[in-house]
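K.L.:
Below: one structure in C-alpha cells.
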Amino acid sequence: MQTRVSEPKTAGAAGVAPPQIGRRYDFRRIEKKWQDEWDRRRAFDVDADPDRLKYYCLVMFPYPSGEIHMGHCRVYSIGDVVARYKKMCGYNVLHPMGWDAFGLPAENAAIKAGRHPRDWTVANINRIKEQLHDLGMSYDWRREVTACFPDYYRWTQWLFLLMYRRGLAYRKKAPVNWCPTCATVLANEQVVGGACWRCETPVVKKELEQWFLRITDYADRLLDDLALLTGWPDRVLTMQANWIGRSRGAYIDFPLADGSGERLRVFTTRQDTLCGATYMVVAPEHPLVARLISAGGPGSEELRRFAERARNLSEIDRTSDPEKEGLDTGLRCVNPATGETIPIYTANYILLEYGTGAVMGVPAHDQRDFEFARKYGLPVRVVIKGPDSPGSADEMTEAYDGPGVMVNSGRFDGLSSEEGLEKVAAWLETEGLGAKTTIYRLRDWLISRQRYWGAPIPVVYCEDCGVVPVPEDELPVMLPYQVDFTPGVSPLARSEDFVRTTCPGCGRPARRETDTMDTFVCSSWYYLRYTSPGHDKTPFSREEVDYWMPVDQYIGGIEHAVLHLLYSRFFTKVLHDAGLVGFVEPFTNLLAHGMVTKNGAAMSKSKGNIVSPDEITVRFGADTARVFTLFAAPPDKDFEWTDSGVEGIFRFLGRVWRIVHDLGGAGGAGGSPSPDEADRDILRSAHRMVRKMTLDIDRRFNFNTAISAAMETVNDLYRYAESVPPARRSPAVVREVLEKLVLCLAPFAPHLGEELWQVLGGEGSVHDQRWPSWDEDLVRAEEVEVAVQVNGRIRDRVVVAAGTGEAELRELALALEKVRPHVEGRKVVKVVAVPDRLVNIVVK
RNA sequence: GCGGGCGUGGCGGAACGGCAGACGCGUACGGCUUAGGACCGUAUGGGCUGGUCCCGUGGGAGUUCGAGUCUCCCCGCCCGCACCA
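Each residue of the first sequence is one higher than the last, beginning at 30 in the working numbering.
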C-alpha cells in the first residue's frame, strides 16, 4: 500500500501557512494544514539509530473488517499519545501500523457482498488508513505490513517450515473442535464455553487429521516466564497461568484383575491417598469402554447406551451438568497398594482429554468421588487424618481434601500427606507401577483451517515420499485468486491448478495441502516484521530486530489475554531457540484497554451501535475526538459513549486556542518586568501541571487525570487574564506558562499543538521539542491551608507558610478561636500535626 | 464452586491512610450580544433549626489521632476458569 500523500521532501516550517488571526478555533483548517505538512515532511518515518535509545510502541494491528469506530479511535489515540510523548522525551520511537488481513469475516462478508475477499479487504484497508490519517496518527507507513499479501505470508509459511524442521509442526488424527457455521475447525483457545469464539455456535467434535503446533513443549517456559512479565496486568498473567494449567502429580498403573497383565493408567495429584482408592472411573469415550462394548459381553448393551448418551451431550451440557452419572463396567482391577480388587466404573464427570481419561476414586478425600461413592454405594475409606477431620467414614458429610497424617495406609502410616506424595511416588517407581509426572491443561495448537482466506500450509503430499515440506526457495505457496470460496470442503481442494503439483523430493505428481493456516499464526510474529518490512532473506533482519525489540509498550484488548498473547510468546521462544532472536519475551509492558460501549454493548456493526470517528472529526475535529476518548475514563476501563461529553472537550480546546492567542499572540508584548504574586501563582500552576501530566502519562497511563491537570491550568490562565491587566503581566512568565501548556497538550491534540506552537513563535515542529520539565521548588506552594481538627472533625482552617513545623502548627491550632470551645474543659491527650496537611487535636 | 476486579453526586469520573466529590458533562442564575444551542462568570452531594451545624463513598463491624483507601463479615454487579482428577 502506498501512503496517502507522498510528495517529495521540501523545506520545513518555512513552507507552512502562517497561523490565522481570528477569534475562532478553526479546527478544519488547522488539522488539514498540519496533516499535509506531516505528510510532506514524512514526519513520522524513523530508522534504527544505535546511538539513541529506542522505544517500541505498538497497538495490536486491526482486522480490517470495515470502518473503524470510537473504540478503535480510543486505542490508537492511546498509542499515539505514548509514541509522541516518548519521542518528546528523547527516545527514537517506532510506532507502526498494519493489517491482520486474513480471516473468516473477509470471506463471509465477501460471500455476502459478492466480492472477492482480497478486494473487500484492500478496500477496507484503504478506507481505515484514511480514517487513521484524518485522526492525525503518527505512524511510519513505510513499515506497514499486510498479512494477506504474499510478501508477508511467504514468511508466515517460512516460519511454519521452521517449526516443521524443529519437530514443532506435526499432523495428527484427533477429535477436534468443529464449528458448523464457520465450516472449519478451531483451536482450543478459540472455543469459549463450548462455543465458537466468533459466531457462538456450539462446536462439535470431529475426528480429523490436522496440523498442530507443539506449543505444549513450551508449556513450562510459557508458565515460568510469566514471572518475567512484571509490566503485564495481573489478570492477564492469571488467565495465562490458568490456561496452561500445570498440575504436578503422578501416574499410576492399576493391573486389571482379569489376569491379562493389562493395566489401567490414571493421573492423580494425590498419590498419597492411593490406599483410599476404592474404585476406578474412566471416561465414557475411554478405549476400555469401547472394547467392552465391541466384545459384547453381559451388560455391554447397557454400557453402549450409557457411552452414547454421554457422547451425544454437547460440550456445554457435559460440563455444566452437575449430576454425576455412572455405570459399573463389570471390569475389576487391583489397587497395587492394598492388593484389594476394586470395580471400574465409567462416568460422565470424567473427561477423556484431561490426564489419562481415567481416575482413581478416593471418596474420602475428593468431593466429586465422595458424591459418586455415596450415590452408588461404594466404600469410603479415610486414609488422611486432618486436624479437625472426622476419623471414620460414617461421620463424613463431605470429603476432606486438606493435608494431614496418613492412616490405613500400611507402610505409609504416620507420614504427613506431604511426605506421602514423595514416598508413594518413590514406591510406585521401584515397583514399576508409576512415577511422578506433570500434566497440562494446555493442548497443542490446531492451526489447520478449512477455509480459503488464509496462508496456505506449505506442504505437499507425495505417494512415495509422504509429507514433503515445500522448499524455502519456492515460497510463497501462492494463494490462488480465482477460487470458488464458498464454504464446504476446503475451498482450495476445488482448485485443481492449485492442488496438482510435483513432489519437491522425487519430482513425481503430488498434491498440495489444501487447508490454510489459522490467522493467529499470521499475527504471532508481525511485530517482528515491522522492524524490517522489506527484508527478503528471512522474515526479519536480525540487526533491526536486535535494535527495536522487544516491544516496550504493547496495547490491546483483553480478549487476547490468552489467544494472541500466548501464541506470540510461544513463537518468540521458538525463534529464540532457533537462534533468530536474542530475547525470550516479545512484549515488556502490556496495557489491556477497555471497550467503548454504546447502549451497554461493545460497538459493532451487527449491533448497529457504531459511532464513527468521522462524525466527530467533521463536527469537532480529530483533536477533540482524540482528547475525548482519552478523557472519558482511564484507559483500562470500559466507557459508555456520550455525545455531550464531546462538546465539553471541544469547548476546552477552543479555550486553549483563545487563551494562547489572547496572552501569547503577537509575542506577548508589554507588561511588567518583575513577576508579582499573580505571576508566581500562574507559574506554579504550570509547573504543577507538567509534573502531574508527566507522572500520569509515564507511571500509569491515566490520561484522563493528565488532561484534567491541563484544564486546571487553563482555568487558572483565564482567571489570570481577567484579574491581571496586561500592563502588569510578566511576559517571561506568561510565555513559559503558555509554552508548557502547548507542549504538554501536543501529544493529545497534535494539530492544535503544532498550530499554537507556531502562534507562540516556536521553532520547528512542536513534536520535535523536548517534553517540558518542572521545578519542585516552584511547585511547592508558598502558603498552604491547613485543616484543624478536634477528634477528627474539622473545626477550622488556617493559612500558614508552607513547611511550617509541627510544633508551630500545634500552637497555632490550639490558639484558634473556633477550636477553643471544643478543647476547653477537656484534656488534650495528643496533637497530631502533619505539615502542610492538617492538625488533629485529640481531647478527652 | 475457585480466582480476580469493582461498588463514590443526576452522569463520566478525582482523591501518597490526612479538608471526599479534582476535572468534565448536565442543570440553574447572571453577564455579553440584534440573536444564540457561541462566549464569559457564579452556583451545584443531601438535610434542617441555615450553623463553615448535622449526615454522607453498597451494608455492618474492626484497626487508627484520623478510613473511600487497611482488616474481617455480608449484599450487589462484572470478568476469567470451571466435574482439571
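By construction, the Cβ of each residue, glycine as well, lies at the ideal position given by its N, Cα and C atoms.
For clarity, every value in this text was computed on a predicted model and none was experimentally measured.
Please specify which runs of the alpha helix (DSSP H), each continuous and at least 4 residues long, are wholly inside the stretch 158–222, giving them in chain order.
P.N.:
The qualifying runs are 179–194.
K.L.:
G677 to L746, Cα distance in whole Å?
P.N.:
Numbered from 1 along the first sequence, position 648 holds the residue referred to as residue 677. Numbered from 1 along the first sequence, position 717 holds the residue referred to as residue 746. Roughly 18 Å separates the two Cα atoms.
K.L.:
Please state the DSSP three-state secondary structure of Q239.
P.N.:
What you label residue 239 is simply residue 210 of the first sequence in a count that begins at 1. DSSP places Q239 in strand when its eight states are reduced to three.
K.L.:
Run through the stretch 571–638 for me and flag every whole beta strand (DSSP E) of 3 or more residues, listed as ranges in chain order.
P.N.:
Counting whole runs of 3 or more residues, the stretch 571–638 contains the beta strand (DSSP E) stretches 580–586, 616–622 and 625–627.
K.L.:
Note the first and the last residue of the continuous alpha helix (DSSP H) segment covering E448.
P.N.:
Counting from one through the first sequence, the residue named residue 448 turns up at place 419. Per DSSP, E448 belongs to the alpha helix (DSSP H) from S446 to E460.
K.L.:
Does DSSP put E812 in a helix, a strand or coil?
P.N.:
Locating residue 812 in the first sequence gives position 783, where the first residue counts as 1. Correct three-state label for E812: strand.
K.L.:
Using only the alpha-carbon positions, how far apart do W184 and L444 sit?
P.N.:
The sequence position of residue 184 within the first sequence is 155, counting from 1. The sequence position of residue 444 within the first sequence is 415, counting from 1. So the two alpha carbons sit approximately 57 Å from each other.
K.L.:
Report the rounded CA-to-CA distance for S597 versus T210, giving the unit in angstroms.
P.N.:
By one-based count along the first sequence, residue 597 stands at place 568. By one-based count along the first sequence, residue 210 stands at place 181. Computed Cα separation, rounded: 27 Å.
K.L.:
Within the stretch 321–380, note down every full beta strand (DSSP E) run reaching 3 residues or more, in order along the chain.
P.N.:
The qualifying runs are 355–363 and 370–376.
K.L.:
Indicate the three-state DSSP secondary structure (helix, strand or coil) for Q396 in the structure shown.
P.N.:
Numbered from its first residue, the first sequence carries residue 396 at position 367. Note: Q396 maps to helix in three-state DSSP.
K.L.:
Specify, as a first and last residue, the run of the alpha helix (DSSP H) that S13 falls within.
P.N.:
Within the shown structure, residues of the chain are numbered from 30 to 873, placing residue 13 beyond reach of any answer.
K.L.:
Cα separation between V497 and S477?
P.N.:
The residue you call residue 497 lines up with position 468 of the first sequence. The residue you call residue 477 lines up with position 448 of the first sequence. When rounded, the distance between both Cα atoms is 17 Å.
K.L.:
With V214 and L237 assumed to form a contact (beta carbons below 8 Å), what rounded beta-carbon distance in angstroms separates them?
P.N.:
Along the first sequence, one-based indexing puts residue 214 at 185. Along the first sequence, one-based indexing puts residue 237 at 208. The pair is a contact, with the Cβ atoms about 7 Å apart (cut-off 8 Å).
K.L.:
Since M309 sits in a beta bridge, which residues does DSSP pair it with?
P.N.:
The count along the first sequence starts at 1 and reaches residue 309 at position 280. DSSP lists I373 and M389 as partners of M309.
K.L.:
DSSP state of A142, grouped into three classes?
P.N.:
For the purposes of this step, residue 142 is taken as the residue at position 113 of the first sequence. The answer is helix: DSSP assigns A142 an H, G or I state.
K.L.:
Cα separation between Y555 and H145?
P.N.:
Taking the first sequence and counting its residues from 1, one reaches residue 555 at position 526. Taking the first sequence and counting its residues from 1, one reaches residue 145 at position 116. C-alpha separation (whole angstroms): 24 Å.
K.L.:
Is the beta carbon of T17 sitting closer than 8 Å to the one on A336?
P.N.:
One cannot answer for residue 17 here, as it falls past the ends of the chain, which runs 30 to 873.
K.L.:
How far does the alpha helix (DSSP H) with C304 in it reach, from first residue to last?
P.N.:
Here the question's residue 304 lines up with position 275 in the first sequence. Unbroken run through C304: none, as it is neither H nor E.
K.L.:
Would you be able to state if there are at least three C-beta pairs under 8 Å between the stretch 274–283 and the stretch 467–484?
P.N.:
Verdict: yes, contact present.
K.L.:
At the level of alpha carbons, what is the spacing between R839 and R822?
P.N.:
Counted from its first residue, the first sequence places residue 839 at position 810. Counted from its first residue, the first sequence places residue 822 at position 793. Using only the alpha carbons, I get a separation of about 16 Å.
K.L.:
Would you call the stretch 154–163 and the stretch 90–102 in contact, with 3 or more CB pairs under 8 Å?
P.N.:
Output reads yes: the stretch 90–102 touches the stretch 154–163.
K.L.:
Could you give the distance in angstroms between the alpha-carbon of W272 and the alpha-carbon of M740?
P.N.:
Taking the first residue of the first sequence as position 1, residue 272 is located at position 243. Taking the first residue of the first sequence as position 1, residue 740 is located at position 711. Going from the Cα of W272 to the Cα of M740 covers about 44 Å.
K.L.:
Which residues in the same chain have their Cβ closer than 8 Å to the Cβ of V852, if we skip the five residues on either side of it in sequence?
P.N.:
Numbered from 1 along the first sequence, position 823 holds the residue referred to as residue 852. So the qualifying residues of the chain are V819, L843, I870 and V872.
K.L.:
Distance, Cα to Cα, R866 vs P93?
P.N.:
Within the first sequence, residue 866 is the residue found at index 837, counting from 1. Within the first sequence, residue 93 is the residue found at index 64, counting from 1. Approximately 53 Å, taken between the alpha carbons.
K.L.:
Roughly how many whole angstroms lie between the Cα atoms of N16 and A256?
P.N.:
For residue 16 there is no data in the structure shown, the boundaries of the chain being 30 and 873.
K.L.:
Using only the heavy atoms of the ligand HEM, determine whether one of them is closer than 7 Å to the beta carbon of S553.
P.N.:
Although the ligand HEM was asked about, the structure shown includes no ligands whatsoever.
K.L.:
Classify K721 as helix, strand or coil using the three-state DSSP reduction.
P.N.:
The residue you call residue 721 lines up with position 692 of the first sequence. Helix.
K.L.:
Note the first and the last residue of the continuous beta strand (DSSP E) segment covering V860.
P.N.:
Here residue 860 corresponds to residue number 831 of the first sequence, with the count starting at 1. Unbroken beta strand (DSSP E) run through V860: V857 to V863.
K.L.:
First and last residue of the alpha helix (DSSP H) that includes R69?
P.N.:
The residue labelled residue 69 in the question sits at position 40 within the first sequence. First-last of the alpha helix (DSSP H) with R69: F56 to R70.
K.L.:
Please report how far the alpha carbon of P392 lies from the alpha carbon of G290, in whole angstroms.
P.N.:
Locating residue 392 in the first sequence gives position 363, where the first residue counts as 1. Locating residue 290 in the first sequence gives position 261, where the first residue counts as 1. Whole-angstrom Cα-Cα distance: 27 Å.
K.L.:
Strictly by DSSP, which residues pair up with W474?
P.N.:
Position 445 of the first sequence holds residue 474. Partner(s): L242.
K.L.:
Confirm, please, whether the CB-CB distance from D78 to N121 is below 8 Å.
P.N.:
In the first sequence, counting from the first residue as 1, residue 121 sits at position 92. In the first sequence, counting from the first residue as 1, residue 78 sits at position 49. Yes, the Cβ-Cβ distance between N121 and D78 is below 8 Å.
K.L.:
So, are the CB atoms of M425 and V436 less than 8 Å apart?
P.N.:
In the first sequence, the residue the question calls residue 425 occupies position 396. In the first sequence, the residue the question calls residue 436 occupies position 407. No, Cβ-Cβ distance for M425 and V436 is not below 8 Å.
K.L.:
Does DSSP classify I714 as helix, strand or coil?
P.N.:
Mapped onto the first sequence, residue 714 falls at position 685. One point to set straight first is that residue 714 is Ser, not Ile, in the sequence displayed. S714: helix per DSSP, three-state reduction.
K.L.:
Closest to R403 by C-alpha separation, out of I244, F600, T307 and S794, would be which residue?
P.N.:
Sequence index remark: in the first sequence, residue 403 carries index 374 (1-based). The option with the nearest alpha carbon to R403 is T307.
K.L.:
Tell me which residues share the same chain as Y84 and place their Cβ nearer than 6 Å to its Cβ, disregarding the 5 neighbours each side in the sequence.
P.N.:
As a first step, residue 84 is located in the first sequence; it is residue number 55 there, counting from the start. Contacts found: K115, Y120, V122 and D581.
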